[in-house]
Amino acid sequence: MNDMGDNLLSWLNAAMDMSYQRGNIIAGNLANVETPGYTPKDMEFEAALMSALDSEGSVKDLPPVRVFSRSDNEQGLDGNRVDLDQEMTNQAANKLFYEISANTMKRKLALLQYSIDEGGR
Amino acid sequence: MPLNVFRMMEVTGRSLSVQRTRMEVVSSNLANAQTTRTPEGGPYKRRDVVVAAEKPRDDFGMLLEDEMDQSVHGVRIVEIQPDESEPRLVYDPDHPDSNEEGYVAYPNVDSMEEMVNLITVMRSYEANLSTITAVRDMTTSALRIGS
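See the structure below:
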């Protein structure tokens, strides 16, 4: 994507894709909250986001994100390792992140629209 | 990684229907806690729902993701299994279904256990409903980008 100046839009795009993917993973964990022997999964989300921000504050491309099994969680009597509180917290945080990204994208586009409109006068 | 917008809804929807079935089985167990006659003979046997994590469907992308352990697992019902433990024997010689010694075989339903199951089913159902809300809000905010 040509972002006119910086690569914020494509970065946000990738971050929203990633966040949606994480939402999928959390949905799968919540669906299996009562499945015997199920081990929940998660993504190394924050680490990937941080690594895409360099010290000057500009953004680089997001690295591919690894999905891992949370096998060090405490195990229930039926071998299920889903921690409901953990998943609900992650879901809330993930949803917020997605909405913030969407909002930032909207504002970035509004800025571009503004310069286009003003340039035409 | 391919992004399937409706996969989340699909997984959650399936899970809601699994929880609903578990709820139906619990209510059937409770409703038949005193049933001494069944079509297959003998007292009612309490039933248990066996659930398992679902392997993704057999399209290539999903299989590849599964091989890489990157996929999202849904949930499905394997079977509804009768509990073969012994019936509860109560001494009541006047009951029409009593045996020669005067004992009536009542179902192996423990209402306390069923109530606990009922509550865990409700919690699971609520957790999955919150996913639906989250997906809805996320999609709405994405749709608002252009406006």
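Chains as they are written, first to last, in this note's numbering: chain A, 643 to 763; chain B, 139 to 285.
For every residue, glycine included, the Cβ atom is placed at its ideal position computed from N, Cα and C.
These figures come from a predicted structure and were not determined experimentally.
So which of the options has the shortest CA-CA distance to residue i?
i: Asp-720/A; options: Glu-676/A, Leu-650/A, Tyr-740/A, Ser-743/A; result: Glu-676/A
i: Leu-654/A; options: Arg-723/A, Tyr-756/A, Pro-682/A, Leu-751/A; result: Leu-751/A
i: Leu-672/A; options: Ser-661/A, Glu-729/A, Met-692/A; result: Glu-729/A
i: Gln-157/B; options: Gly-180/B, Asn-255/B, Gly-240/B; result: Asn-255/B
i: Asn-722/A; options: Glu-741/A, Thr-731/A, Gly-665/A, Asn-674/A; result: Asn-674/A
i: Ser-249/B; options: Val-163/B, Ser-153/B, Glu-178/B, Gly-151/B; result: Val-163/B
i: Ile-668/A; options: Asp-275/B, Ala-169/B, Ser-209/B; result: Ser-209/B
i: Tyr-680/A; options: Asn-715/A, Tyr-756/A, Asp-727/A; result: Asn-715/A
i: Ser-693/A; options: Gly-665/A, Asp-684/A, Lys-683/A, Val-707/A; result: Val-707/A
i: Val-724/A; options: Ala-734/A, Asn-736/A, Ser-711/A, Ala-735/A; result: Ser-711/A
i: Val-247/B; options: Met-146/B, Ser-165/B, Arg-282/B; result: Ser-165/B
i: Met-161/B; options: Thr-258/B, Thr-269/B, Ser-268/B; result: Thr-258/B
i: Val-242/B; options: Val-189/B, Thr-173/B, Ala-169/B; result: Thr-173/B
i: Leu-704/A; options: Glu-688/A, Gly-718/A, Gln-717/A, Ser-713/A; result: Glu-688/A
i: Ser-262/B; options: Glu-148/B, Ser-155/B, Glu-178/B; result: Ser-155/B
i: Val-149/B; options: Val-213/B, Glu-239/B, Pro-220/B; result: Val-213/B
i: Asp-807/A; options: Gly-670/A, Val-709/A, Ala-690/A, Pro-678/A; result: Residue 807/A cannot be examined here, being either before or after the span of chain A that is shown, 643 to 763.
i: Pro-181/B; options: Glu-224/B, Ile-270/B, Val-187/B; result: Glu-224/B
i: Ser-713/A; options: Leu-651/A, Ser-661/A, Pro-682/A; result: Pro-682/A
i: Asn-666/A; options: Met-253/B, Met-147/B, Val-228/B, Glu-238/B; result: Met-147/B
i: Asp-659/A; options: Asp-186/B, Ala-169/B, Met-276/B, Asn-266/B; result: Met-276/B
i: Val-187/B; options: Thr-176/B, Leu-168/B, Ile-218/B, His-211/B; result: Ile-218/B
i: Glu-741/A; options: Tyr-244/B, Val-273/B, Ala-265/B; result: Val-273/B
i: Gly-179/B; options: Pro-245/B, Gly-151/B, His-233/B; result: Pro-245/B
i: Arg-185/B; options: Ala-191/B, Glu-192/B, Val-228/B, Ala-169/B; result: Ala-169/B
i: Ile-283/B; options: Pro-678/A, Ala-734/A, Gln-755/A; result: Gln-755/A
i: Asp-235/B; options: Arg-226/B, Arg-152/B, Arg-175/B, Ala-171/B; result: Arg-175/B
i: Lys-183/B; options: Glu-192/B, Arg-226/B, Phe-144/B, Val-189/B; result: Arg-226/B
Provide the residue span of the beta strand (DSSP E) that contains residue i, from first to last.
i: Ser-743/A; result: Where Ser-743/A is concerned, there is no enclosing beta strand (DSSP E), although the alpha helix (DSSP H) it sits in stretches over 726-761.
i: Asp-720/A; result: Premise fails: Asp-720/A is in no beta strand (DSSP E) and is neither H nor E.
i: Ala-243/B; result: 241-244
i: Arg-184/B; result: Premise fails: Arg-184/B is in no beta strand (DSSP E) and is neither H nor E.
i: Phe-710/A; result: 709-711
For the alpha helix (DSSP H) containing residue i, list its first residue and its last residue.
i: Val-213/B; result: No alpha helix (DSSP H) contains Val-213/B, which is instead part of the beta strand (DSSP E) from 212-220.
i: Tyr-662/A; result: 650-673
i: Gly-151/B; result: 145-169
i: Leu-691/A; result: 687-693
Under 8 Å between beta-carbons, which chain A residues line up against residue i? List them in chain order, please.
i: Arg-215/B; result: Note that residue 215/B is Ile in the sequence shown, not Arg. Chain A residues near Ile-215/B: none, gap ~11 Å exceeds 8 Å.
i: Arg-152/B; result: Ala-673
i: Val-149/B; result: Asn-666, Ala-669, Gly-670, Ala-673
i: Ser-279/B; result: Tyr-740, Glu-741, Ala-744, Asn-745
For a contact defined as C-beta to C-beta under 7 Å, what are the partners of residue i on chain A?
i: Met-146/B; result: Gly-665, Asn-666, Ala-669
i: Gly-212/B; result: Gly-670, Ala-673
i: Val-272/B; result: Rather than Val, the amino acid found at residue 272/B in this sequence is Ala. Correct list: Gly-665, Gln-733, Lys-737.
i: Val-189/B; result: Glu-676, Thr-677
What residues of chain A sit near residue i, judged by a beta carbon separation below 9 Å?
i: Arg-282/B; result: Ala-744, Asn-745, Lys-748
i: Asp-275/B; result: Lys-737, Tyr-740, Glu-741
i: Thr-269/B; result: Gly-665, Ile-668, Ala-669, Leu-672, Ala-673, Gln-733
Check distances from the C-beta atoms of the region 663-676 of chain A to those of chain B and list, in chain order, the residues that come in under 9 Å. Within the region 663-676 of chain A, those residues whose Cβ lies closer than 9 Å to any Cβ of chain B are, in chain order, Gln-663, Gly-665, Asn-666, Ile-667, Ile-668, Ala-669, Gly-670, Asn-671, Leu-672, Ala-673, Asn-674, Val-675, Glu-676.
Contact residues within the region 722-739 of chain A, judged by C-beta distance below 9 Å to chain B: Within the region 722-739 of chain A, those residues whose Cβ lies closer than 9 Å to any Cβ of chain B are, in chain order, Leu-726, Glu-729, Met-730, Gln-733, Ala-734, Asn-736, Lys-737.
If contact means a Cβ-Cβ distance below 9 Å, which residues of the region 244-265 of chain B contact chain A? Listed by position along the chain: Thr-258, Val-259, Arg-261, Ser-262, Ala-265.
Could you run through the region 741-760 of chain A and flag, in chain order, every residue whose CB is less than 8 Å away from some CB of chain B? Going along the region 741-760 of chain A in chain order, one finds Glu-741, Ala-744, Asn-745, Met-747, Lys-748, Leu-751 with a Cβ nearer than 8 Å to chain B.
Would you list, in sequence order, the uninterrupted beta strand (DSSP E) runs of no fewer than 3 residues that lie entirely inside the region 225-269 of chain B? DSSP runs (the beta strand (DSSP E)) wholly in the region 225-269 of chain B: 226-229, 241-244.
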